[in-house]
Amino acid sequence: MLTQSAYVTGLVTYVFAALFALWLMHRWLLASLPAVWRLLVILPLAALALTPAYTQPGADTMAPALVVGAFQWITAGPEGAAHALRPLGMTSAIAAVVAVIVAVALRLRR
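Count along the sequence shown from 1, then add 838; that gives the number in our numbering.
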């Protein structure tokens, strides 16, 4: 079992790595796209990378929902992964809706 400080250190490291990966993707992979399209890609990806979920139903520790969902899907099937996939789907949908609203607002400003 991890100590509290090792757990927090691991989560903080993961968050910084995910943010750095999103920044690299925004800066280099999507650089040729207009800002509106980059927003439509980056916000849902950020939701996928940064949404937390409990490692198991009733557990005390959290981990990235994408990782928890993948491992639970492999080991326990779709029913076992549902507790991680529900918040992942919700935050991804919210991020996509926010991205579309901001993209439309940016288009209307021009």
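Glycine residues also receive a C-beta, built at the ideal position from the N, C-alpha and C atoms. Computed from a prediction, not measured in an experiment: that's the story for all the values here.
Cβ-based neighbour list, residue i, same chain, cut-off 7 Å, excluding 5 preceding and 5 following
i, result
"residue 922", "891, 903, 906, 907, 910"
"residue 946", "none"
"residue 936", "881"
"residue 941", "874, 877, 878"
"residue 864", "876, 880"
Collapsed DSSP secondary structure at residue i in the structure displayed
i, result
"residue 897", "coil"
"residue 948", "coil"
"residue 841", "coil"
Contact set for residue i: own chain, Cβ-Cβ below 8 Å, skip 5 residues either direction
i, result
"residue 868", "875, 876, 879, 880"
"residue 938", "878"
"residue 871", "879"
Beta-carbon separation (whole angstroms), residue i vs residue j, contact threshold 8 Å
i, j, result
"residue 889", "residue 847", "At roughly 20 Å, the Cβ-Cβ gap does not stay under 8 Å, so residue 889 and residue 847 are not in contact."
"residue 883", "residue 860", "6 Å"
"residue 899", "residue 845", "6 Å"
"residue 926", "residue 886", "7 Å"
Contact set for residue i: own chain, Cβ-Cβ below 6 Å, skip 5 residues either direction
i, result
"residue 944", "874"
"residue 934", "882"
"residue 919", "907, 910, 911"
9 Å Cβ cutoff, residue i in contact with chain B
i, result
"residue 840", "Of the protein chains in the structure, only one exists, and it is not chain B."
Closer than 8 Å: residue i CB and nearest the ligand GDP heavy atom
i, result
"residue 909", "The model on display carries no ligand, and the ligand GDP is accordingly not part of it."
Where in the region 863-919 do unbroken runs of the beta strand (DSSP E), each at least 3 residues long, occur, reported from the N-terminal end onward? Along the length of the region 863-919, whole beta strand (DSSP E) runs at least 3 residues long occupy 890-892, 900-902, reported in chain order.
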